[in-house]
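Note sheet for the following structure.
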Amino acid sequence: MGSTTVVGLLGATGETGTSIVNGLLEAGGLTIIALTRPSSVSKPAAVALKDRGVEIRPLDLKASQDDIVASLEGVEVLVSAIGPMEQLEQIPLATAAKTAGVKRFLPCGAMPVVPAGGIHMLRDVKEIVYNHIKTLHLPYTIVDVGWWYQIAFPPLPSGKIDYALGLPNPRLPGNGSQPNALTDLRDIGRYFAKIVVDDRTINKYVFVYNELHSPTQIFDLMEKLSGEKLDRQYDTLEDLQARIADARPKIAKDPTNFMLMVQQVSAEYLISWGIRGDNQPEYAKYLGYVTSKELYPEFKFKSFEAYLRDEVIAGKAKGVYDELRAKIVEMHKKH
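According to the UniProt record's numbering, the sequence shown is numbered sequentially starting from 1.
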């Protein structure tokens, strides 16, 4: 691919999408088009992107195929960072991408490594999208990113770091010993910037991550860096399965209830990476992924320990999912 690859991005103002935009802009040599809901093109977040040199182009995924195709005109690489409730809207998008001559589609993966087939609700919805892409013979790359630094640490008893807690889970899954692949959210875009111009990643599953840490190691690290003693409470497999069993019939009756989905999905994540140990590079390779360590051994990143010490505990970290976080705190109080 040439040095002026045209990248179209859906979800450019979300947490992952923001990282991707930042990474693509930092890399340079790319034309970036933020494909945005028509109702959002003049919102401050879109205007801010425009001010940074990103083209804002309206795209309505509920429009006709002809309209979606027209919105994708000139896009060579299409990247989706769409929200969890909109995953299946990528099906008409992929069909339109094929018609529009898009050279490669990166659908919304961006999660820890989880096998398809009943382990995780969101992963299974993504599988429907991936399979549709493959029926189209549309070149693809599926990128999974591990567990973010920003949501990988527990609260401190003092409350000192509550400002930075992403998705707070103060308990350890299983016995706390499973290694879990972690990635700084800010590095996701830097990885994407390499992947979108790397022909080795076409028609591949790619697993990007920075470091491996078990929950027990993270609790130990937090104690060392903060000087505080953490209370260690554990979620058993049965605890987590009960949380899922409680949510599932309620979701069937109320499928658009986001907080019910969070209840199920968060428990499924803890079973997957915390008890099964799915989110590890060796398992990813077994599933057919190529890893960032193989593709980009020179990639430089801030260690998780440095992130905790220099940002979180120092009071300088930027929180993620602020609105969702408040709701999840309430949810945990009920369990």
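No residue lacks a Cβ here, since even glycine has one placed at the ideal position from N, Cα and C.
So within the region 86-144, which uninterrupted alpha helix (DSSP H) runs reach at least 4 residues, ignoring any that extend past its ends?
Within the region 86-144, complete alpha helix (DSSP H) segments of at least 4 residues are found at 90-100, 121-135, given in chain order.
Judging by CA-CA distance, which residue of Leu9, Val312, Thr5 is the nearest neighbour of Asp162?
Val312
Can you list, in chain order, the residues of its chain whose CB lies under 6 Å from that of Val75, leaving out five sequence neighbours each side?
Closer than 6 Å at Cβ, skipping near neighbours: Val6, Gly8, Val102.
State the Cα-Cα distance for the pair Gly274 and Tyr140, rounded to the nearest angstrom.
29 Å
Burial state of Asn131, where buried means 16 or more other Cβ atoms lie within 10 Å:
Counting of Cβ neighbours within 10 angstroms places Asn131 among the exposed residues, the total staying below 16.
Could you tell me how far apart the beta carbons of Ala100 and Val69 are, in whole angstroms, since I believe they sit closer than 8 Å?
The Cβ separation is near 5 Å, so the contact holds.
Do Lys250 and Leu260 have their C-beta atoms closer together than 7 Å?
Yes. Within cutoff.
Hey, out of Pro255, Pro44, Lys134, whose CA is closest to Arg52's CA?
Pro44
For Lys204, write down the residues that DSSP places opposite it in a beta bridge.
Thr141
Counterpart residues of Trp147 in DSSP-defined beta bridges
Leu182
What's the gap between the Cα of Leu122 and the Cα of Ala110?
11 Å
Selected residue, minimal CA-CA separation from Lys126, among Ile151, Leu138, Glu89:
Glu89
Going by the DSSP bridge assignment, what does Ile33 pair with across the sheet?
Gly8, Glu55, per the DSSP bridge assignment.
Collapsed DSSP secondary structure at Tyr296 in the structure displayed:
coil
Out of curiosity, what's the CA-to-CA distance linking Asp239 and Ser266?
12 Å
Which of the three DSSP states is assigned to Tyr234 in this structure?
strand
By the 10 Å Cβ neighbour count, where 16 or more other Cβ atoms means buried, how is Phe105 classified, buried or exposed?
buried
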